[in-house]
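Student:
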Amino acid sequence: MHTCTDSPLASSNGSGKAGFEKREKRRNIRQLQSSISEGNVAGVKQLLSSDFDVDFQYNSQTSLQLSVCQGNLEICNLLIEKGANVNQADANGNSLLNMACWRGFADIAQLLIHNGADVDSQNESGNTPLNVCAHKDYPPIAKILLASGCSLNLANKEGHTPLYSVAESGNVNMVQLLLDGGVDPDWGDLSFRTPLLVAAKAGHKDVVKALIHAGANVNSQSRQGRTALHEAAMNGHVQVLQQLLDGKGNPDLPTVKGTTPLLEAITKNSVEACHILIKYGCNVDLADRTHCAPLHAAIRQVSLMFDPSGSADMQGLVTALVEAGADINKCDQAKWTPLYQAASAGQLDLCKYLLEKGAKIDSLTQQGSSILHAAAYGGNDNIVKLCLQAGCSVNTVDELGHHPLLAAVSSRCSLQIIESLLDEGSDVNITNKKTKHTALHEAIYLHDSNAGRLLIDKGSNLELLNHEGKSPLYLACERGLFETVQYMVTEKKCSTSSSDISALPIHAAACHGGTSTIQVLAEAGCNINETNEKGETPLAAALAENSFSSVRALLQCGADLEAQQKVKGLQLCCLYQEDPHPHLGLEPLFLAITHKNIHMIKMLLKCYRQIPHQTIRLMEVLLKRTREINTHYTQTEKAGILKLLHSSNCTPFSLSDACRRCVRACLSSPLQTKVKNLKVPKKVMSYILMEEEFLEWAELEQESHSSYR
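Quick note on full-length UniProt numbering: the sequence shown kicks off at 1 and runs consecutively.
#1: To the nearest angstrom, report how far apart residue 290 and residue 332 are at their CA atoms.
#2: I'd like the list of long-range same chain contacts for residue 239, defined as Cβ closer than 6 angstroms, with 5 residues on each side in sequence excluded.
#3: Which complete alpha helix (DSSP H) runs does the region 200 to 288 hold, if anything under 4 residues is left out?
#4: Helix, strand or coil for residue 58? Go by DSSP, reduced to three states.
#5: Under DSSP, the alpha helix (DSSP H) around residue 600 begins and ends at which residues?
#6: Could you tell me which whole alpha helix (DSSP H) segments of length 4 or greater appear in the UniProt repeat "ANK" (125 to 157)?
#7: Skipping 5 residues on each side, what residues in its chain have a beta carbon closer than 6 angstroms to that of residue 609?
#8: Closer than 8 angstroms is the cut-off here; do at least three beta carbon pairs connect the region 385 to 404 with the region 357 to 366?
#9: Would you call residue 147 buried or exposed, if buried means 16 or more other Cβ atoms sit within 10 Å of its Cβ?
#10: Rounded to the nearest angstrom, what separates residue 698 and residue 423 at their Cα positions?
#11: Leaving aside the five residues before and after residue 104 along the sequence, list all residues of the same chain whose C-beta is less than 6 angstroms from its C-beta, in chain order.
#12: What whole-angstrom Cβ distance do residue 95 and residue 135 have, given they're in contact under 8 angstroms?
#13: Please state the DSSP three-state secondary structure of residue 89.
#14: Could you give the distance in angstroms between the alpha-carbon of residue 537 and the alpha-carbon of residue 674?
#15: How about residue 175 and residue 163: do their beta carbons lie closer than 8 angstroms?
#16: Where does residue 491 land, buried or exposed, given buried means 16+ other C-beta within 10 angstroms?
#17: Here's the rule I'm using: 16 or more other beta-carbon atoms within 10 Å means buried, otherwise exposed. How should residue 680 be labelled?
#18: Could you compute how far the alpha carbon of residue 735 sits from the alpha carbon of residue 194?
#19: What did DSSP end up calling residue 654 once you bin it into helix, strand or coil?
#20: Give the range of the alpha helix (DSSP H) segment to which residue 521 is assigned.
#21: Rounded to whole angstroms, what's the CA-CA distance from residue 170 to residue 207? Just pull it up for me.
#22: Using the beta-carbon count (16 or more within 10 Å), is residue 470 buried or exposed?
#23: Scan the region 391 to 450 and note each continuous alpha helix (DSSP H) run of 4 residues or more that stays entirely inside, going in chain order.
#24: Just confirm the distance between the C-beta atoms of residue 633 and residue 596, as a whole number of angstroms; I'd bet it's less than 8 angstroms.
#25: Let me know the secondary structure DSSP gives residue 35 once reduced to three states.
#26: Sort out for me which residues DSSP pairs residue 547 with in a bridge.
#27: List the whole-angstrom C-beta distance separating residue 298 from residue 317, where the pair is believed to meet the contact cut-off of C-beta under 8 angstroms.
#28: Within the continuous alpha helix (DSSP H) that includes residue 324, where are the two ends?
#29: Figure out for me which residue from 487, 695, 445, 421 has the closest Cα to the Cα of residue 453.
#30: Buried or exposed: which applies to residue 650, given that a residue is buried once 16 or more other Cβ atoms fall within 10 Å of its Cβ?
#31: I need the straight-line Cα distance from residue 141 to residue 81, nearest angstrom please.
#32: Report yes if the C-beta distance between residue 482 and residue 514 is below 8 angstroms; otherwise report no.
#33: Pull up the distance between the alpha-carbon of residue 255 and that of residue 433, whole angstroms please.
#34: Using a Cβ-Cβ cut-off of 7 angstroms (strictly less than) and excluding sequence neighbours within five positions of residue 106, which residues of its own chain qualify?
#35: For residue 202, which of 167, 227, 185 has the nearest alpha-carbon?
#36: Compare the C-alpha of residue 667 against each of 624, 645, 555, 695 and name the closest.
Right, dumping it as structure tokens:
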């Protein structure tokens, strides 16, 4: 036989009763917390008279947590008497005592402690009630906690003790309270930074004084090796700095990188702090691990300053360091001396001062650079003259092959500096070990025409080649320096060719559109039909670049359109099996057609001595049958080119035109000079030179450029 409790109805009644009780608890707690929020003490007393769990949570907090946050002492007392848990913590681990300390409720904190609250409870961040008081600056609560025997040195997860927190904020009264309570003044954080170190960094002189008086270690070092002196010096807190030095602080303790307080102060431009450290007898020659000494650092800071007053202060510091015994010839890691630094920074006054104090003028850096190199890099004419007067050699060569002259040109120094070096006998033909550049190469490479002319006048070897086989003339042609080219070939009779056929000046001029340069080279006797290592004539090179102006200039000078047919030996184009025509890849007409330049084609056909029938027939076949060409040209372009080729192939020359073509081919380059020597009327000269045609092509080119813009 079954009992009534085994029936489904009995089970339903049990669960229903439990649910009713839970809802009743929630209702009572809701009413209680509502009364607490309203500050209704009477309502709280009435509700507490009933029997329920006072620690039951509503909205994720107990009633006592709410009353502590409200700061209602009487209600807190009623709840504690009812048995509320005084060590209840919220979701972030904050105990009731932590909450009271955060809000500054001293009476509630006292009540909680009296009823057994844990005075050393820590939240998720590791902060104790005392740490919270220190952070929020509540001395009355701190006194209560100290009287209750709380731990003074319990640190949070960042390693910050209460004393650390208050030392950083600068409340000297709280600091003194903790010190009087027996706190350890040297307890460091996770990086071993002590309260004294953070107080010095913040410049809290009263806190620093209290900590030193309490016996704090003034030479305690952090994990990076920093002391309180480093922090005070770096941030320019001179009063704190003096306190630390008076407290037996060691001004020569280095960090793990070898940095001393003096180096820190110099780097941060704390000039007054530097003078104090020097006055207290710090070692003015101690360098960091890069061998940078205070004198190096001070000179570097002078060069970085734009404010004249700040620069004067730092120059005064340089003087102070020297007078304090700093080694003026001390080298850094790169073997730079203070004089080398000052010269490279263009600091004339410092250079004069250091030389007066006995700085060595003949010292070399690790790369072999002299003081004169530095002066050239600095670009100060007066410093260069000063170094020369002091006996610095003008031809000292560093590891890269630079001597002062080459350094001056590559740094774009003034002509006065270059002239000063040349007047002292600098060798103009010393070459850079890597690029094989002479000073003249470098000047032309940097488009410095004035320096280039000066170097030419001083005897630069115009035939020297750089590592690419390029002569100064080639570089001038390549960079379009017409006046330099003209000066070299007309005044100095420079060779217009080169021993390296891969770098012929006329090809450089042709490829870079230098029409005036081409004219000058041709008049100077340059072979404008000379071939390079690819078998290209200047004309072929210009056509490959589709340079209408260069092709026009070369034809005007008498370039031979059939020169490629006179080339002997195997050429690159002969290696391609699909090339059935001898040197088709070098044929001017072929190159013009590949660029679809109809005006270029017309100009070439007008200047051929004989129409290249074989090439034209081959091009007609290619244009009609080759699939690649059909995709490269539109039907209109192809029809226009075919029409022009067919007309040229079928139309015979007039007698005068045939004679002109023959005369031009026989005279060759320089055509203008040779025609002018002919004893013929000016009209005939003009006809031979095709002046009307070339003028028309020049105007066409100008119109083309205008429409492009």
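Every residue gets a Cβ at the ideal spot worked out from N, C-alpha and C, and that includes glycine.
Tutor: Reading off the structure:
#1: Locating residue 290 in the sequence shown gives position 290, where the first residue counts as 1. Locating residue 332 in the sequence shown gives position 332, where the first residue counts as 1. Approximately 7 angstroms between the Cα atoms of the pair.
#2: Translated into the one-based positions of the sequence shown, residue 239 becomes position 239. Hits under 6 angstroms: 205.
#3: 205 to 213, 228 to 234, 238 to 246, 261 to 267, 271 to 279
#4: Residue 58 sits at position 58 when you count from the first residue of the sequence shown. Three-state result, residue 58: strand.
#5: Within the sequence shown, residue 600 is the residue found at index 600, counting from 1. Per DSSP, residue 600 belongs to the alpha helix (DSSP H) from 598 to 607.
#6: 129 to 136, 139 to 147
#7: Here the question's residue 609 lines up with position 609 in the sequence shown. Excluding positions up to five away in sequence, the list reads 661, 665.
#8: yes
#9: By 1-based counting over the sequence shown, the position of residue 147 is 147. Looking at its Cβ environment, which holds fewer than 16 other Cβ atoms inside 10 Å, residue 147 is exposed.
#10: Counting from one through the sequence shown, the residue named residue 698 turns up at place 698. Counting from one through the sequence shown, the residue named residue 423 turns up at place 423. Their Cα atoms are separated by approximately 46 angstroms.
#11: For the purposes of this step, residue 104 is taken as the residue at position 104 of the sequence shown. Only 138 meet the Cβ criterion.
#12: Residue 95 sits at position 95 when you count from the first residue of the sequence shown. Residue 135 sits at position 135 when you count from the first residue of the sequence shown. With a Cβ gap of about 16 angstroms, residue 95 and residue 135 do not count as contacting.
#13: Locating residue 89 in the sequence shown gives position 89, counting from the first residue. Residue 89: strand per DSSP, three-state reduction.
#14: The residue given as residue 537 occupies position 537 in the sequence shown. The residue given as residue 674 occupies position 674 in the sequence shown. Approximately 21 angstroms, taken between the alpha carbons.
#15: Counting from one through the sequence shown, the residue named residue 175 turns up at place 175. Counting from one through the sequence shown, the residue named residue 163 turns up at place 163. Result yes, Cβ atoms of residue 175 and residue 163 sit closer than 8 angstroms.
#16: On the sequence shown, residue 491 is found 491 positions in, with the first residue counted as 1. Per the 10 Å Cβ criterion, exposed.
#17: Indexing the sequence shown from 1 puts residue 680 at position 680. The residue is exposed, with fewer than 16 neighbouring Cβ atoms inside 10 Å.
#18: This structure cannot settle anything about residue 735, because the visible part of the chain is limited to 1 through 709.
#19: Taking the first residue of the sequence shown as 1, we reach residue 654 at position 654. In the structure shown, residue 654 sits in coil (DSSP, three-state: anything other than H, G, I, E or B).
#20: For the purposes of this step, residue 521 is identified with residue 521 of the sequence shown, where counting begins at 1. Looking at the DSSP string, the run of the alpha helix (DSSP H) that includes residue 521 is 515 to 523.
#21: Along the sequence shown, one-based indexing puts residue 170 at 170. Along the sequence shown, one-based indexing puts residue 207 at 207. So the alpha carbons of these two residues sit roughly 6 angstroms apart.
#22: Here residue 470 refers to the residue found at position 470 when the sequence shown is read from its first residue. Looking at its Cβ environment, which holds 16 or more other Cβ atoms inside 10 Å, residue 470 is buried.
#23: 404 to 410, 415 to 423, 439 to 445
#24: What you label residue 633 is simply residue 633 of the sequence shown in a count that begins at 1. What you label residue 596 is simply residue 596 of the sequence shown in a count that begins at 1. That pair is a contact at about 6 angstroms.
#25: Mapped onto the sequence shown, residue 35 falls at position 35. If DSSP states are grouped into helix, strand and coil, residue 35 belongs with the helices.
#26: Position 547 of the sequence shown, counted from the first residue, corresponds to residue 547. Bridge partners of residue 547: none, in fact.
#27: On the sequence shown, position 298 is the one that residue 298 refers to. On the sequence shown, position 317 is the one that residue 317 refers to. Right, their Cβ atoms sit about 5 angstroms apart.
#28: Numbered from its first residue, the sequence shown carries residue 324 at position 324. Neither: residue 324 is in no alpha helix (DSSP H) and is coded neither H nor E.
#29: What you label residue 453 is simply residue 453 of the sequence shown in a count that begins at 1. Selected option, being the one with the closest Cα: 487.
#30: As a first step, residue 650 is located in the sequence shown; it is residue number 650 there, counting from the start. Result: exposed.
#31: In the sequence shown, the residue the question calls residue 141 occupies position 141. In the sequence shown, the residue the question calls residue 81 occupies position 81. Residue 141 and residue 81: Cα-Cα distance of roughly 23 angstroms.
#32: Counting from 1 along the sequence shown, the entry for residue 482 is found at position 482. Counting from 1 along the sequence shown, the entry for residue 514 is found at position 514. It is a contact, given that the beta carbons lie within the stated cut-off.
#33: The sequence position of residue 255 within the sequence shown is 255, counting from 1. The sequence position of residue 433 within the sequence shown is 433, counting from 1. Straight-line Cα distance between these residues: approximately 41 angstroms.
#34: The residue you call residue 106 lines up with position 106 of the sequence shown. Once the five neighbours on either side are set aside, the close Cβ partners of residue 106 are 140, 141, 144.
#35: Counted from its first residue, the sequence shown places residue 202 at position 202. Residue 202 has its Cα closest to that of 167, out of 167, 227, 185.
#36: Counting from one through the sequence shown, the residue named residue 667 turns up at place 667. When each option's Cα is compared against that of residue 667, the closest is 555.
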